[in-house]
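Those protein sequences? They're chains L and S, same order as listed. Reading the first sequence from the start, the letters are residues -1 to 240 in my numbering. Reading the second sequence from the start, the letters are residues 8 to 288 in my numbering.
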Amino acid sequence: MTEHTVRAFTEELEALGADLTRMGGYSEQALSDAVTAIARRDAGLARTVIDGDKKIDELQREIERKIMRLLALRQPLGRDLRQTVAALKLAGDLERIGDLAKNIAKRALTIQEFDPIALTRSVERMGKIAVTQLKQILDTFASHEVAGAVSVWMQDEELDEHYNSLFRELLTYMMEDPRMIGPGAHLLFVAKNIERIGDHCTNMAEVIYFLETGEDIGTDRPKAVDPVMPPLPPSPNQEPSS
Amino acid sequence: MTTFSQSNSEAHGEVQVGHVQQTTGILPGITAKVRARDVNVFYGAKQALFNVSLDVPDASVTAFIGPSGCGKSTFLRCINRMNDTIDSCKVTGNIQVDGRDVNDRAIDPVVLRASVGMVFQKPNPFPKTIFENVAYGPRIHGIANDKQGLERIVEQSLRKAGLWEEVKDRLHQPGTGLSGGQQQRLVIARAIAVNPEIILMDEPCSALDPIATAKIEELIDELRQNFCIIIVTHSMAQAARVSQRTAFFHMGKLVEAGPTEEIFTNPRDSRTQDYITGRFG
């Protein structure tokens, strides 16, 4: 795309993109390290993730400051407007991903006090899927390839399914051996956090799709049936009154 | 008085358009207040407008945007035949207001311009009193029968233009003594006084401060209930604030027209995108 007549405007938008890329890099690293910390029972790595979250939060505030400035001084329109609003939303999702990774790292510290559970490997597998999704969505942001966003958007079902089967397995373990309830509950939260990270990746895919095309991605995304939260029965209000 | 849209409107049916239109300016399925098809304008040998086809709906504000010299004012001036005043200017194509060809020989441009009022960049009140500025049009067009009728029209017009409260105690002082923003509202009152169908505004706020601009914009928003308003503006923010539809002109061509929100968030044409985001112009 050609430059703005006011070059500082182009530079400010580029700086915003660079900050976001950096923030994406930090979040991706945090998630990947948190998952490794669980799998390898690595307390040092878990602490690095916990301490590193401040950096991500700080970047988010910096991005928000830049966006406020841009809106006030430049009044972006068209794609520039979509880019600015998208940056605000993406920074929010990345910050949440950072928080969830930090929470996983905290649980990694707790879990290591218990005996190893075979299921950490399932959690690790799930974590790796989330890392791949996050990486893919960040690549999409950098390359402006809409196809990548659509692909991540369609993939979320996979994580949901993993979470559901892990939930069932963990329940079985915990019922068999009450000593497993502590670490089992922690792992369940870890899995839930990873599943949420998948949701944030889906959000980001929607935002990037809108940024690149100006259109909404749609509504007909495949969804896994959640055994924990089955679909709600129809509301009595929706029934036709006699 | 015979208004422009009342006189022999049955004489002219739909104009056949010989080829498929490329622009997005045509609104299928609605009765446009202004309907332009394949409008070309030449100033001597130089062509200023190329095949502009555009529908402008009634009771709404349509903004024309584009860099200087893009043809937006030229097109605006075709609608009430202001280009007639330029000798070297030649207009081809078809422009209809309420289904009537404005370039029909039978049309009196003076009657047309009462029906299609115009407000310019610089407020241009007559060097007369505030009252006379507004009363002049209704008087020459024979809209008011007596003194009371005329006074009523003057008051109503000034009220509609949001100026009455500020000038009711000094109606017989010169209009030129008002502030710039008041003068612009006076000129709008003068245009309203002759019962126009359409009000054309050519950068009506570019000589005004932000407060006076806000008052005019508020006024435009009120007037759109009853009038078809077309505004040419260099301020993208103003186009976004006041209009429901926006048309983007570039180098004499209508590049894109559509709902204002769409033009400013998701324009289809890369030239529109470049212009609204400040990448050329």
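Beta carbons are placed, not taken as given, at the ideal position from N, Cα and C, and that holds for glycine. The structure displayed is predicted, hence computed values, not measured ones.
Problem - S:S80 beta carbon less than 9 Å from that of S:V239 - result: On the second sequence, position 232 is the one that residue 239 of chain S refers to. On the second sequence, position 73 is the one that residue 80 of chain S refers to. Against a cut-off of 9 Å, the Cβ pair of S:S80 and S:V239 comes out as a contact.
Practice task
Look up S:F138 in the DSSP assignment and say whether it is helix, strand or coil.
Solution key: Locating residue 138 of chain S in the second sequence gives position 131, counting from the first residue. The answer is helix: DSSP assigns S:F138 an H, G or I state.
Handout entry: Cβ of S:G182 within 9 Å of any chain L Cβ
Key = Here residue 182 of chain S refers to the residue found at position 175 of the second sequence. Output row for S:G182: interface = no.
Problem - Contact list for S:R286 against chain L, beta-carbon separation under 8 Å - result: Here residue 286 of chain S is taken as the residue at index 279 of the second sequence, counted from 1. Within 8 Å Cβ-Cβ: M(-1), T0, E1, H2, T3.
Practice task
Starting from the beta carbon of S:F271, find every residue of chain L whose beta carbon is closer than 9 Å, and list them in chain order.
Solution key: On the second sequence, position 264 is the one that residue 271 of chain S refers to. Correct list: L75, G76, L79.
Handout entry: Cβ-based burial, L:V244 [other Cβ within 10 Å; buried from 16]
Key = Outside the modelled stretch of chain L, which goes from -1 to 240, sits residue 244 of chain L, for which no answer is possible.
Problem - Unbroken beta strand (DSSP E) run spanning S:F133, endpoints - result: Here residue 133 of chain S refers to the residue found at position 126 when the second sequence is read from its first residue. Segment: none, S:F133 is in no beta strand (DSSP E) and carries neither H nor E.
Exercise for the section: Identify whether L:V4 lies in helix, strand or coil by the three-state DSSP scheme. Expected result: Translated into the one-based positions of the first sequence, residue 4 of chain L becomes position 6. Here L:V4 sits in coil by DSSP.
Problem - Residue range of the alpha helix (DSSP H) that includes L:H184 - result: As a working note, residue 184 of chain L is residue 186 in the first sequence. Annotation for L:H184: the continuous alpha helix (DSSP H) segment containing it runs 179 to 211.
Practice task
Check S:C96 in the structure and name its three-state DSSP category.
Solution key: Translated into positions along the second sequence, residue 96 of chain S becomes position 89. Note: S:C96 maps to strand in three-state DSSP.
Exercise for the section: Indicate whether the contact test is met: 3 or more Cβ pairs, each with one atom in the stretch 101 to 113 of chain L and one in the stretch 15 to 23 of chain L, closer than 8 Å. Expected result: no
Problem - Per-residue burial, S:N140 [other beta carbons within 10 Å of its own, 16 or more giving buried] - result: Walking along the second sequence from the start, residue 140 of chain S turns up at place 133. S:N140 is buried by the Cβ-count criterion.
Exercise for the section: Flag L:G15 as yes if its beta-carbon sits less than 9 Å from any beta-carbon of chain S, otherwise no. Expected result: On the first sequence, residue 15 of chain L is found 17 positions in, with the first residue counted as 1. No, because no Cβ of chain S sits closer than 9 Å to the Cβ of L:G15.
Practice task
Give the range of the alpha helix (DSSP H) segment to which L:G125 is assigned.
Solution key: To locate residue 125 of chain L, count along the first sequence from 1; it is residue 127. Taken as a continuous stretch (DSSP letters only), the alpha helix (DSSP H) holding L:G125 covers 118 to 141.
Problem - Neighbour flag for L:E213 against chain S, beta carbons, 9 Å - result: Stepping through the first sequence from its first residue, residue 213 of chain L is reached at position 215. Closer than 9 Å to some Cβ of chain S, the Cβ of L:E213 qualifies, so yes.
Practice task
Verify the CB distance criterion: does S:A254 have a CB-CB separation below 9 Å to chain L?
Solution key: Translated into the one-based positions of the second sequence, residue 254 of chain S becomes position 247. Judged by the 9 Å Cβ criterion, S:A254 is not in contact with chain L.
Handout entry: Contacting residues, own chain, Cβ-Cβ under 6 Å from S:V174 (five flanking each side not counted)
Key = Here the question's residue 174 of chain S lines up with position 167 in the second sequence. Excluding sequence neighbours, S:V174 sits near I137.
Handout entry: Three CB pairs or more closer than 8 Å across the stretch 44 to 54 of chain S and the stretch 79 to 98 of chain S
Key = yes
Problem - Secondary structure of L:I36, DSSP reduced to three states - result: For the purposes of this step, residue 36 of chain L is identified with residue 38 of the first sequence, where counting begins at 1. Helix at L:I36.
Handout entry: Touching by the beta-carbon criterion (3+ pairs, under 8 Å), the stretch 155 to 171 of chain L and the stretch 71 to 83 of chain L
Key = With the cut-off at 8 Å, the stretch 155 to 171 of chain L and the stretch 71 to 83 of chain L do not touch.
Practice task
For L:G42, count neighbouring C-beta atoms within 10 Å of its own C-beta (all shown protein chains included) and say buried if the count is 16 or more, exposed if not.
Solution key: Indexing the first sequence from 1 puts residue 42 of chain L at position 44. With fewer than 16 Cβ atoms within 10 Å of its Cβ, L:G42 is classed as exposed.
Handout entry: Coil, strand or helix - L:L168 by DSSP
Key = Taking the first residue of the first sequence as position 1, residue 168 of chain L is located at position 170. L:L168: helix per DSSP, three-state reduction.
Handout entry: Close beta carbons around S:L178, own chain, < 8 Å, minus the five adjacent residues each side
Key = If you number the second sequence from 1, residue 178 of chain S lands on position 171. The residues are T136, I137, F138, V161.
Handout entry: Partners in chain S for L:F187, counting only beta-carbon separations shorter than 9 Å
Key = Position 189 of the first sequence, counting from 1, holds the residue named residue 187 of chain L. Result: empty, since nearest Cβ-Cβ is about 40 Å, beyond 9 Å.
Practice task
Examine chain C for any beta-carbon lying closer than 9 Å to the beta-carbon of S:P35, and answer yes or no.
Solution key: Absent here is chain C; the protein component of the structure consists of chains L and S.
Problem - Extent of the continuous alpha helix (DSSP H) run through S:Q190 - result: Locating residue 190 of chain S in the second sequence gives position 183, where the first residue counts as 1. Residues 187 to 199.
Practice task
Please state whether DSSP places S:S164 in a helix, a strand or coil.
Solution key: To locate residue 164 of chain S, count along the second sequence from 1; it is residue 157. Three-state DSSP puts S:S164 in a helix.
Exercise for the section: Label L:L11 either buried or exposed according to how many other C-beta atoms from any shown protein chain fall within 10 Å of its C-beta, with 16 as the threshold for buried. Expected result: Residue 11 of chain L sits at position 13 when you count from the first residue of the first sequence. It is buried - the Cβ of L:L11 has at least 16 other Cβ atoms within 10 Å.
Practice task
Output the distance between the C-alpha atoms of L:D175 and L:A189, rounded to the nearest integer angstrom.
Solution key: In the first sequence, the residue the question calls residue 175 of chain L occupies position 177. In the first sequence, the residue the question calls residue 189 of chain L occupies position 191. Each residue's Cα considered, the two are about 20 Å apart.
Problem - Span separating the alpha-carbon of S:K40 from that of S:V104 - result: Taking the second sequence and counting its residues from 1, one reaches residue 40 of chain S at position 33. Taking the second sequence and counting its residues from 1, one reaches residue 104 of chain S at position 97. Cα to Cα, the separation comes out at about 6 Å.
Exercise for the section: Consider the Cβ of L:F139: report whether some Cβ of chain S lies at a distance smaller than 9 Å. Expected result: Numbered from 1 along the first sequence, position 141 holds the residue referred to as residue 139 of chain L. Closer than 9 Å: no.
Problem - DSSP bridge partner residues for S:Q54 (one or two, in chain order) - result: Position 47 of the second sequence, counted from the start, is the residue given in the question as residue 54 of chain S. DSSP output for S:Q54 lists S:F49 as bridge partner(s).
Handout entry: Minimum Cβ-Cβ distance from S:P274 to chain L less than 9 Å
Key = For the purposes of this step, residue 274 of chain S is taken as residue 267 along the second sequence, with counting starting at 1. Closer than 9 Å: yes.
Handout entry: Contacting residues, own chain, Cβ-Cβ under 6 Å from L:V150 (five flanking each side not counted)
Key = For the purposes of this step, residue 150 of chain L is taken as the residue at position 152 of the first sequence. So the list reads Q131, Q134, I135, C199, A203, once near-sequence residues are dropped.
Problem - Contacts of L:F165 in chain S (Cβ-Cβ under 9 Å) - result: Start at 1 with the first residue of the first sequence, and residue 165 of chain L comes out as number 167. Neighbours of L:F165 on chain S: none; closest Cβ ~41 Å, over 9 Å.
Handout entry: Three-way DSSP call (helix, strand, coil) for L:R20 in this model
Key = Taking the first residue of the first sequence as 1, we reach residue 20 of chain L at position 22. Three-state DSSP puts L:R20 in a helix.
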